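What follows is one structure encoded as structure tokens, with my remarks underneath.
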Amino acid sequence: MTTTTTPAARPPQTPPGRFEFAPVRGVLAREWALYRRSWAPTTFAAVVEPVIYLLAFGFGMGSLVGAIGGYRYIEFIGTGIVAMSVLFTSMFPGLIDTYVRRVFQHAYEGMLAAPVDVRELVTAEASWIALKSGVYGCAPLLVAIAFGLEPRGTMLLVPLIALVTGFGFALLGIWLSALVPSIKTMDYIISGLITPLFLIAGTFFPLDDFPGWARALAQVNPLYHCVELVRHAAFGLRPWADLGHFAAILAFVALVWCLAVFQMRRRLID
Amino acid sequence: MTSSRLRAPSETLAPATSSAVSLRGVVKRFGSFTAVDGLDLEVAAGTVLGLLGPNGAGKSTTMRMLTAQSRADEGEITILGHRIPRESKRARALMGVVPQHDNLDEELTVRENLTVFTHLYRVPRGERPAAVQRALRMAHLEDRADTRTDKLSGGMRRRLLIARGLVHRPRVVLLDEPTVGLDPQIRQELWGLITELREDGVTVLMSTHYIEEAERLSDEVALMAKGRVVSRGAPAELVQRYAGRAVEEFPAAPTDLERLERLLRPTGLPTRRTGASLAVLRAEELPDSVRDEIGEGDRRAANLEDVFVTLTGETVE
Ligand SMILES: Nc1ncnc2c1ncn2[C@@H]1O[C@H](COP(=O)(O)OP(=O)(O)OP(=O)(O)O)[C@@H](O)[C@H]1O
Ligand SMILES: [Mg+2]
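Here's what the structure looks like:
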């Protein structure tokens, strides 16, 4: 301590109460350190699972179904599975990892003793998850390309779509993780929310033949908008409709960000 | 809070006081239960204050209010001139916190745990390796730098937890029962570390159950019970004030205890029952007339525990 090379701590200079990116980067540094230890199983699960779905449905159902809405079935679900992959790689970590870190590891308590506020913490956790979704979400698309889906320039939008949607579902997961009274309650969310979310979104089959109420439900399902965007990026954009889909996802992000920050603050600050 | 503070970051002490930490009339309620009940506490800059109190006294709650992880219902808190909770982020940047319960990242190595906190505490990029190295040295963990944290012994973990809170060279350090559950040798090692902090001019607020620890390390102790400070001062001064120089213990059967108490009541000396004996505080003042009646007990030096029990009626370890 006497032979010091590190200058003493200094306070940040931004006005109190302002959202800062320095703490977000700090939390991301921790995520990166953790990820370096866990990337192999994480990547395996995130890539292999959707690919298995893709192959099983693509070839299994594809031989029965043939074409859907003018697309070969493997192309149709290749794009649908991008969205499924985004949902799974964002909602589950948001829900489960966040819960474990808060309740069992008390990791957030440690970080909040540093100059980090709850909304910066929540933003950072969701951003990290979103980043992974953005990358992993492309895997099914690449596989579909390997099986004959024609590459297109607009497909470069897919990582962005996956990232933004992943950010939203990560926040939804974080909010719910702070809402549930115990880890057992998560089963309700997994079966009661996540499963319908990804089925009523046009992932495996088009919604055209669904009853009206189901189609109405799809309109408020952010994953439906994600599926539409990914499909249009792969087969041809429809600018006005796509702006609408993107706006719907952004509105979802804004809503769940507020909910997640609010509920996490209630849990972490007493 | 003047706006000049924005321009002069290195001069963050409040002009009116030399207290690094100040709590005034602080109340914290959990539902109908009042955990902290009108707490007044000032910690002078550069000193070590030991917060001594039994389970549930409100020590951890007080610490959590200082980091704004718990919001006071009433009262005022400032740290290095920053008002809590409004300016707590600035205060937290200057503070190092060692929580009561270990929350290290088990999958990460010792070095990674420290590095993550250099990021969280905004140590500039170029200074991070040196800061980590310094923390490793302080914790005597240089040769364990690349060991995963879940492979460390309990004592090593605790040293790492403390070093993690010091990685950014904070000016105020909160230690919540830093040595609980450690064996005596490791505890003494940590005492060395805390003494070094004081020599460096760091302000330390340390809660503890252990009287000996509070006595050894603190410039002052605050005795806390039921959410309030019941007394504070330098350990020796408190002992002198409430327990005198010597305590004499008189072994006695339960029925005799009452007789002894009756005999001693006119002297006005504080007494307390300790199992099967009666301890008389300020025994050096025992009048000869009473001594003739009760004889000689086992004499020992008065200590903080005597003070604590006298003031609160509660025992600590
Ligand atoms: N979040 C909470 N909700 C309800 N009660 C709480 C909460 N946190 C603390 N308490 C209560 O407040 C009181 C003070 O707790 P605190 O943890 O501050 O005590 P302490 O002095 O640190 O005790 P210990 O020595 O056991 O750590 C206790 O009775 C505790 O049960
Ligand atoms: Mg405590």
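For the record, the sequence lines run as chains A and B.
Heads up: the first sequence is residues 1 to 270, going by my numbering.
Heads up: the second sequence is residues 1001 to 1317, going by my numbering.
The beta carbon of each residue, even a glycine, is placed where N, CA and C say it ideally should be.
Predicted, not measured: the structure shown is a model, and the values here were computed from it.
Beta-carbon gap between residue i and residue j smaller than 7 Å
i: B:Thr1109; j: B:Arg1148; result: yes
i: A:Glu181; j: B:Leu1094; result: The question names Glu, yet the displayed sequence has Pro at residue 181 of chain A. Not in contact: A:Pro181 and B:Leu1094 (Cβ atoms no closer than 7 Å).
i: B:Val1098; j: B:Pro1178; result: yes
i: B:Gly1058; j: B:Ala1035; result: yes
i: B:Arg1169; j: A:Ala8; result: yes
i: A:Thr203; j: A:Met84; result: yes
i: A:Ala178; j: A:Arg36; result: no
i: B:Pro1235; j: B:Leu1304; result: yes
i: B:Ala1225; j: B:Gly1053; result: yes
i: A:His225; j: A:Ile249; result: yes
i: A:Leu171; j: A:Ala124; result: no
i: B:Ala1072; j: B:Val1026; result: yes
i: B:Ala1243; j: B:Leu1286; result: no
i: A:Leu157; j: A:Ala251; result: no
i: A:Leu95; j: A:Gly173; result: yes
i: A:Pro271; j: A:Gly134; result: No information on residue 271 of chain A is available, as it lies outside the stretch 1 to 270 that chain A covers here.
i: A:Pro16; j: B:Glu1087; result: yes
i: B:Ala1222; j: B:Leu1080; result: no
i: A:Leu87; j: A:Phe198; result: yes
i: B:Leu1152; j: B:Ala1139; result: no
i: B:Arg1092; j: B:Thr1067; result: yes
i: A:Asp270; j: B:Ser1019; result: no
Anticipated Cβ contact below 8 Å, residue i with residue j, distance rounded
i: A:Pro159; j: A:Ile129; result: Between A:Ile129 and A:Pro159 the Cβ distance is about 14 Å, and since that is not below 8 Å, they are no contact.
i: B:Ala1283; j: B:Val1307; result: No, B:Ala1283 and B:Val1307 are not in contact; Cβ-Cβ is about 14 Å, not under 8 Å.
i: B:Gly1075; j: B:Arg1024; result: 6 Å
i: B:Asn1113; j: A:Ala107; result: Not a contact, Cβ separation roughly 11 Å.
i: B:Arg1090; j: B:His1082; result: 5 Å
i: B:Ser1218; j: B:Met1063; result: Wrong, their Cβ atoms sit about 16 Å apart, outside the cutoff.
i: B:Glu1249; j: B:Ser1277; result: 5 Å
i: A:Gly137; j: A:Thr89; result: 7 Å
i: A:Ile200; j: A:Ala218; result: 5 Å
i: A:Pro50; j: A:Ala162; result: No, A:Pro50 and A:Ala162 are not in contact; Cβ-Cβ is about 12 Å, not under 8 Å.
i: B:Gly1096; j: B:Leu1182; result: That pair is no contact at about 19 Å.
Cross-strand partners of residue i (DSSP beta bridge)
i: B:Ser1207; result: B:Leu1051 and B:Asp1176
i: B:Pro1251; result: B:Ser1277
i: B:Glu1042; result: B:Ser1022
i: A:Tyr71; result: A:Ile68
i: B:His1168; result: None; B:His1168 has no bridge partner.
i: B:Ile1079; result: B:Val1021 and B:His1082
i: B:Leu1238; result: B:Leu1238 pairs with nothing; no bridge assigned.
i: B:Asp1298; result: B:Glu1249
i: B:Glu1196; result: BP columns for B:Glu1196 are empty, so no partner.
i: A:Arg37; result: Per DSSP, none; premise fails for A:Arg37.
i: B:Phe1033; result: B:Phe1030
i: A:Ala139; result: A:Ala139 is not bridged to any residue.
i: B:Arg1272; result: B:Ala1279
i: B:Thr1109; result: B:Arg1148
i: B:Gly1096; result: B:Val1173
i: A:Leu223; result: Beta-bridge pairing links A:Leu223 to no other residue.
i: B:Ser1231; result: B:Leu1223
i: B:Glu1074; result: B:Val1027
Any non-hydrogen atom of ligand 4 within 6 Å of residue i CB
i: B:Ser1060; result: The ligand content of the structure shown is limited to ligand 1 and ligand 2, which means ligand 4 is not among them.
Where residue i meets chain D, residues with beta-carbon distance less than 9 Å
i: A:Ile145; result: The chain inventory of the structure shown lacks chain D, comprising the protein chains A and B.
Taking a cut of 9 Å between CB atoms, which residues from the segment 106-135 of chain A lie near chain B? Close to chain B, meaning a Cβ-Cβ distance shorter than 9 Å, are the following residues of the segment 106-135 of chain A: His106, Ala107, Tyr108, Glu109, Gly110, Met111, Leu112, Ala113, Ala114, Pro115, Val116 and Asp117.
Using 8 Å as the Cβ pair cut-off and three pairs as the minimum, do the segment 1111-1126 of chain B and the segment 27-34 of chain A touch? Remark: three or more beta-carbon pairs, one from each stretch, lie closer than 8 Å, so the segment 1111-1126 of chain B and the segment 27-34 of chain A are flagged as touching.
Pair every Cβ in the segment 58-65 of chain A with every Cβ in the segment 1123-1139 of chain B, then say whether three or more of these pairs are closer than 8 Å. Contact check between the segment 58-65 of chain A and the segment 1123-1139 of chain B: fewer than three CB pairs, one atom from each, fall below 8 Å, which does not count as touching.
Assess contact between the segment 1224-1231 of chain B and the segment 1258-1275 of chain B, defined as three or more Cβ pairs (one per stretch) separated by less than 8 Å. Is contact present? The segment 1224-1231 of chain B is not in contact with the segment 1258-1275 of chain B.
Which residues of the segment 1054-1084 of chain B have a Cβ closer than 7 Å to any Cβ of chain A? Give them in chain order. Within the segment 1054-1084 of chain B, the qualifying residues are Thr1067, Gln1069, Ser1070 and Arg1071.
At a Cβ cut of 8 Å, what residues of the segment 22-40 of chain A count as close to chain B, listed as they run along the chain? Shown in chain order are the members of the segment 22-40 of chain A whose Cβ falls below 8 Å from a Cβ of chain B: Ala22, Pro23, Arg25, Gly26, Val27, Ala29, Arg30, Ala33, Leu34, Arg37 and Ser38.
Interface residues of the segment 156-175 of chain A facing chain B [CB-CB below 8 Å]: Here the close residues number zero.
Would you check if there are 3 or more beta carbon pairs closer than 8 Å linking the segment 111-120 of chain A to the segment 136-153 of chain A? No, because fewer than three Cβ pairs between the segment 111-120 of chain A and the segment 136-153 of chain A fall closer than 8 Å, the two stretches do not touch.
If you measure beta-carbon to beta-carbon, which residues of the segment 1087-1098 of chain B are closer than 7 Å to chain A? Answer set for the segment 1087-1098 of chain B: Glu1087, Lys1089, Arg1090, Arg1092, Ala1093, Leu1094 and Val1097.
Given a limit of 7 Å on CB to CB distance, which residues of the segment 1176-1189 of chain B reach chain A? Within the segment 1176-1189 of chain B, no residue qualifies.
Just by C-beta distance, which residues in the segment 1110-1131 of chain B are closer than 8 Å to chain A? Hits within the stretch, in order: Glu1112, Thr1115, Val1116, Phe1117, His1119, Leu1120, Tyr1121, Arg1122, Val1123, Glu1127, Ala1130 and Ala1131.
Select from the segment 1157-1176 of chain B all residues with a C-beta closer than 7 Å to any C-beta belonging to chain A, and list them in chain order. Correct list: His1168, Arg1169, Pro1170 and Arg1171.
Counting pairs of beta carbons, one from the segment 73-82 of chain A and one from the segment 209-221 of chain A, are three or more of them closer than 8 Å? With a cut-off of 8 Å, the segment 209-221 of chain A and the segment 73-82 of chain A do not count as touching, because too few Cβ pairs lie within range.
For the segment 6-19 of chain A, which residues have a beta carbon sitting closer than 8 Å to at least one beta carbon of chain B? Those would be Thr6, Pro7, Ala8, Ala9, Arg10, Pro11, Pro12, Gln13, Pro15, Pro16 and Gly17, in chain order.
Could you run through the segment 257-270 of chain A and flag, in chain order, every residue whose CB is less than 8 Å away from some CB of chain B? For chain B, the residues of the segment 257-270 of chain A that bring a beta carbon within less than 8 Å of one of its beta carbons are Leu268, Ile269 and Asp270, in chain order.
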